[in-house]
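Protein chains in written order, with the working numbering: chain A, 1483 to 1596; chain B, 893 to 1007. Every residue gets a Cβ at the ideal spot worked out from N, C-alpha and C, and that includes glycine. Just so you know, these numbers come straight off a predicted model, no measurement behind them.
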Amino acid sequence: GENVEQHPSTLSVQEGDSAVIKCTYSDSASNYFPWYKQELGKGPQLIIDIRSNVGEKKDQRIAVTLNKTAKHFSLHITETQPEDSAVYFCAASIRTGANSKLTFGKGITLSVRP
Amino acid sequence: EPEVTQTPSHQVTQMGQEVILRCVPISNHLYFYWYRQILGQKVEFLVSFYNNEISEKSEIFDDQFSVERPDGSNFTLKIRSTKLEDSAMYFCASRERTAGVDEQFFGPGTRLTVL
């Protein structure tokens, strides 16, 4: 089955700097890659996602890149703010209707220092 | 904004007892999921549910687990005889059935503690 690895496990950046979080996946059939942000006491919330027919997607300060050949995808956050501090999860899925289960990475704790 | 809700937020139970975790998915969603996260570990898929039947389940989802949609709004996960290793955060998620829409919306989770 699919295996998703996420690196690093913790990341601390200065406010205003960029943060990059990387994930690798094992199943070349995976075609959907969401990123979730989890704040304390809440469930994971989708912040951006990308499908395998696209190499990059951007939404304001957040971007995701996908390299299908190398089987890795990355989350880029620019101009980080203290409210970006949270746990971030990457995931991979094979989109097949009801059976679109997500396989998650272990999560990374991002700390943005004011 | 519509959201997935889960109750209770925290459940403490004795080993061997039955627990039912409840979820109310977003109202127009038709795909439902349960995931769990043991402390310090990955979020793991348990089961997906569509059209009143299980679509897929993981090897974690053994005979001790069952899911049900007893009415038009609730989606439940039952653990028949809890074990210590069932202690985890359990997340419910739902997704709409529109082609091209992939996002799974997660609830806040239920923390299950088995003593």
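On the three-state DSSP scale, how would you describe residue i?
i                 : result
Asp1541 (chain A) : strand
Glu948 (chain B)  : strand
Asp1531 (chain A) : strand
Glu936 (chain B)  : strand
Leu1592 (chain A) : strand
Asn1549 (chain A) : strand
Pro1433 (chain A) : The structure shown has nothing for residue 1433 (chain A), since chain A only spans 1483 to 1596.
Leu976 (chain B)  : helix
Using a beta-carbon distance below 7 Å, is residue i in contact with chain A?
i                 : result
Val935 (chain B)  : yes
Ser986 (chain B)  : no
Gly992 (chain B)  : no
Ser919 (chain B)  : no
Pro1000 (chain B) : yes
Leu973 (chain B)  : According to the sequence as given, residue 973 (chain B) is Ser; it is not Leu. So, not an interface residue.
Ser940 (chain B)  : yes
Taking the alpha carbon of residue i as the reference point, which residue from the options has its own alpha carbon closest?
i                 : options                                    : result
Val1486 (chain A) : A:Arg1595, A:Lys1588, A:Thr1578, A:Ser1593 : A:Lys1588
Ser986 (chain B)  : B:Ile930, B:Pro1000, B:Val911              : B:Pro1000
Pro917 (chain B)  : B:Val939, B:Pro894, B:Glu936               : B:Pro894
Phe941 (chain B)  : B:Gln956, B:Gln933, B:Asn966, B:Gly932     : B:Asn966
Val930 (chain B)  : B:Glu988, B:Gln903, B:Phe998, B:Met981     : Reading off the sequence shown, one finds Ile at residue 930 (chain B), where the question assumed Val. Ranking the options by Cα distance to Ile930 (chain B), first place goes to B:Met981.
Phe997 (chain B)  : B:Asn943, B:Arg972, B:Leu922, B:Val1006    : B:Leu922
Phe1515 (chain A) : A:Glu1538, A:Ser1491, A:Gln1542            : A:Glu1538
Leu913 (chain B)  : B:Ser919, B:Tyr927, B:Asn920               : B:Tyr927
Leu1004 (chain B) : B:Thr897, B:Gln903, B:Glu960, B:Leu969     : B:Gln903
Val911 (chain B)  : B:Thr990, B:Arg989, B:Thr968               : B:Thr968
Pro962 (chain B)  : B:Cys984, B:Asn944, B:Gly908, B:Leu938     : B:Asn944
Phe924 (chain B)  : B:Gly992, B:Ile971, B:Glu936, B:Ile946     : B:Ile946
Arg1543 (chain A) : A:Arg1533, A:Ala1574, A:Asp1566            : A:Asp1566
7 Å is my cut-off, CB to CB: does residue i come that close to chain B?
i                 : result
Asn1549 (chain A) : no
Asn1513 (chain A) : no
Asn1485 (chain A) : no
Phe1555 (chain A) : no
Lys1519 (chain A) : no
Lys1504 (chain A) : no
**Report entry** Cβ-based contacts, 9 Å cut-off: residues of the region 1522 to 1541 of chain A near chain B
**Finding:** Gly1523, Lys1524, Gly1525, Pro1526, Gln1527, Leu1528, Asp1531, Arg1533
Query raised in the report: Any residues in the region 1574 to 1585 of chain A with a beta carbon nearer than 9 Å to a beta carbon of chain B? Which ones, in chain order?
Result: Ser1575, Arg1577, Gly1579, Ala1580, Asn1581, Ser1582, Lys1583, Leu1584, Thr1585
Requested in this report: Jot down the residue ranges of each uninterrupted beta strand (DSSP E) in the region 900 to 934 of chain B, minimum 3 residues, whole runs only, in chain order.
Outcome: 902 to 905, 911 to 916, 923 to 929
Query raised in the report: Can you list, in chain order, the residues of the region 951 to 967 of chain B whose Cβ is nearer than 8 Å to any Cβ on chain A?
Result: none
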